[in-house]
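This report concerns only the one structure given below.
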Amino acid sequence: MKPPPFEYCAPRSLKDAVELLAADPSAMVLAGGQSLIPALNMRFAAPSRLIDIQHVEGLKGVVIEGGNIIVRAMTRHRELELNDEVFRANPLIRETMAHVAHVPIRNRGTVVGSLCHADAAAEMPSILLVTDGSVVTESPRGRREIPAADFFQFHMTTSREPDEIVVEAHFPVLPQGAGWAFEEFTRRHGDYAIAAVAAIVTRAGATDVVSLSACGVASRPIRLTVCEQIFAAQGFTDASFKAAGEAAKEYVTAPDDIHATNDYRRDLLASLVVRAVEKALTRSR
Amino acid sequence: MSRAKIRAKLPTKSADPTVDIELTVNGERVSAEVSTRMLLSDFLRHELGLTGTHVGCEHGVCGACTVLINGVAGRSCLTFAAQAAGCEVRTIESVANKDGTLHPLQEAFRDCHGLQCGYCTPGMIMNILSSFNSSAPLDLSDEGIRDIISGNLCRCTGYQNIIAAVRQAAKAMSLG
Ligand SMILES: Cc1cc2nc3c(=O)[nH]c(=O)nc-3n(C[C@H](O)[C@H](O)[C@H](O)COP(=O)(O)OP(=O)(O)OC[C@H]3O[C@@H](n4cnc5c(N)ncnc54)[C@H](O)[C@@H]3O)c2cc1C
Ligand code: FES
Ligand code: FES
Chain H
1 MKPPPFEYCA
11 PRSLKDAVEL
21 LAADPSAMVL
31 AGGQSLIPAL
41 NMRFAAPSRL
51 IDIQHVEGLK
61 GVVIEGGNII
71 VRAMTRHREL
81 ELNDEVFRAN
91 PLIRETMAHV
101 AHVPIRNRGT
111 VVGSLCHADA
121 AAEMPSILLV
131 TDGSVVTESP
141 RGRREIPAAD
151 FFQFHMTTSR
161 EPDEIVVEAH
171 FPVLPQGAGW
181 AFEEFTRRHG
191 DYAIAAVAAI
201 VTRAGATDVV
211 SLSACGVASR
221 PIRLTVCEQI
231 FAAQGFTDAS
241 FKAAGEAAKE
251 YVTAPDDIHA
261 TNDYRRDLLA
271 SLVVRAVEKA
281 LTRSR
Chain S
1 MSRAKIRAKL
11 PTKSADPTVD
21 IELTVNGERV
31 SAEVSTRMLL
41 SDFLRHELGL
51 TGTHVGCEHG
61 VCGACTVLIN
71 GVAGRSCLTF
81 AAQAAGCEVR
91 TIESVANKDG
101 TLHPLQEAFR
111 DCHGLQCGYC
121 TPGMIMNILS
131 SFNSSAPLDL
141 SDEGIRDIIS
151 GNLCRCTGYQ
161 NIIAAVRQAA
171 KAMSLG
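Which chain is which? The protein sequence lines are H and S, in order.
For the first sequence, the working numbering begins at 1 and goes up steadily by one.
For the second sequence, the working numbering begins at 1 and goes up steadily by one.
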């Protein structure tokens, strides 16, 4: 057996789950297991207790309410991807999810699990960030909402306290007529991004708004504020696209690893920014 | 030179925490007491003797261990047996007909030479069956089929014949 030994609990209520987590500082939440079990198999993690939240009441399903797509903790990637109402409310989600691993992994892995795992190259954290979404946590101290901009701190590090369970993620619905695009570069389909860019273009006459985020190019998913400002100031011209690509490149220090060098990733980023904004623009009304 | 005899000092029973599980495997009810850290792949192979489910990487990358969990493909190496409690699990052993005749997908793999060593084949078959049963539209273009099998590695065939097999099976089963 590859994983280290642990105590296993499968609570039915959120109250029990919260208590079990709070009672043991080295306990961990088990959702779909698609990141945690590889880590256990490789013995990168050795929790004393795993709290399997799959049977916890109230943690399943997706609802669209008050301008948000509310994704509860046990919603599997594939469930969100195939949900047609979600597609109508925010088509960026389906376009992006096709890049998250492979279908069998998406069948079991959860969206919230991916946000909590917070790999700096993971796609869904960058979507939460570009849409100005948030997560909601539950702990013995009660509920709190954490905006995406505060949640992702570093590669595999979030501002979630160890005794907090993330119960929901809120992905805002896209404004009417907004254009969207997700552009990613990987060597093999289904890999984590070497570099990827998410773009939303909201046309409002003189005040077009461009929202841009990237993953794989920093120690966490980032908003490309510099590029957003260039488009806000200069509109969509050959010069502004070129300036935005260059600015993105200067803005980041990307990982230098066996998959790609910092320089290569920054070059990719510049091209992906241009491609994503162009595509989002053609889809906007 | 005399060698010291190995003395059996190893515990005969694991001191691991255990959990009682009940699930359905290939239509049969199974109950067992398992170590909490027992992977579903190990449970199927070592406890139930269902060695058709293969294990390649044990971190989700190769797809050899893919089985159906409640009708959809999942990695048995990234699932604890305890998580599968109450589920319906189907493995490659359940795919051929009772009389030993092959399922149309297995038939197509044979016809198209979609396997050589066969190590990846059980995972391929279970994953493709899951796509055939899915509510998502089935895209039988080369690109669509490549997408379906993109999570399964094969070191022998070069994939072309697997793509042909998927297309032939879908046709035989009137899908797509
Ligand atoms: C081969 C392979 C390829 C992959 N490729 C990609 C990829 O390209 N892009 C990508 O983004 N991901 C990829 N993944 C990861 C996948 O998306 C995981 O499903 C996801 O990262 C974790 O979701 P999970 O439900 O499986 O979480 P788990 O593995 O169960 O948990 C992950 C972590 O989050 C914590 N956690 C989970 N849920 C909660 C909660 N509700 N509250 C508090 N903490 C929680 C756990 O304690 C653990 O630390 C890949 C995985 C594999 C095996
Ligand atoms: S053994 Fe499970 S994916 Fe490789
Ligand atoms: S047939 Fe040998 S690995 Fe696929």
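All C-beta atoms, glycine included, are put in the ideal place defined by N, C-alpha and C.
The C-beta of F80 of chain S comes closer than 9 Å to at least one C-beta of chain H. DSSP, read as helix, strand or coil, puts Q153 of chain H in strand. Relative to ligand 1, the beta carbon of V100 of chain H is positioned inside 8 Å of a heavy atom. Going by DSSP, N41 of chain H is part of the alpha helix (DSSP H) stretching over 36 to 41. At a cut-off of 9 Å, the C-beta of T36 of chain S has a neighbouring C-beta in chain H. Under DSSP, G179 of chain H forms a beta bridge with H:V201.
Burial state of V63 of chain H is exposed, judged by a 10 Å Cβ sphere holding fewer than 16 other Cβ atoms. Looking at the DSSP output, S35 of chain S bridges to S:T18.
The C-beta of L40 of chain H comes closer than 9 Å to at least one C-beta of chain S. Listed by position along chain S, the residues whose Cβ is nearer than 7 Å to that of E168 of chain H form an empty set, because the closest Cβ is around 22 Å away. Listed by position along chain S, the residues whose Cβ is nearer than 8 Å to that of R187 of chain H form an empty set, because the closest Cβ is around 13 Å away.
Shortest Cα-Cα distance from G27 of chain S to any of S:D147, S:T79, S:N70, S:R155 involves S:N70. For A243 of chain H, the secondary structure class from DSSP, reduced to helix, strand or coil, is helix.
CA-CA distance, G176 of chain S to A122 of chain H, rounds to 32 Å. The CB of G74 of chain S comes closer than 7 Å to the CB of P104, N107, R108 in chain H, given here in chain order. If you check the CB distance, G74 of chain S and R108 of chain H come in under 9 Å. In the DSSP assignment, the residues bridged to V62 of chain H are H:V71. For I163 of chain S against P122 of chain S, the beta-carbon gap comes to about 18 Å, at or over 8 Å, which does not count as contact. The three-state secondary structure of A218 of chain H, taken from DSSP, is coil. Within the region 83 to 165 of chain H, the complete beta strand (DSSP E) segments at least 3 residues long are 134 to 139, 142 to 147, 152 to 154, listed from N- to C-terminus.
Per DSSP, reduced to three states, the secondary structure at P122 of chain S is helical. By the neighbour-count criterion, in which a residue is buried when 16 or more other Cβ atoms sit within 10 angstroms of its Cβ, F154 of chain H is exposed. The C-beta of P162 of chain H has fewer than 16 other C-beta atoms within 10 Å across all chains shown, which makes the residue exposed. Against F6 of chain H, the close residues of chain S are P17, T36, R37, in the order they occur along the chain (beta-carbon pairs closer than 8 Å). Against T66 of chain S, the close residues of chain H are P104, in the order they occur along the chain (beta-carbon pairs closer than 7 Å). Residue contact with chain S for P3 of chain H: present (Cβ-Cβ distance below 9 Å to some residue of chain S). DSSP places C9 of chain H in the uninterrupted beta strand (DSSP E) bounded by 7 to 9. Judged by DSSP in its simplified three-state form, L281 of chain H adopts helix.
With distances taken between CA atoms, G142 of chain H lies nearest to H:I165 out of H:I165, H:V130, H:A148. Relative to ligand 3, the beta carbon of T157 of chain S is positioned inside 8 Å of a heavy atom.
Excluding its 5 nearest sequence neighbours in each direction, A199 of chain H has C-beta neighbours in its own chain below 6 Å: A181, L212, A276, V277, A280, listed in chain order.
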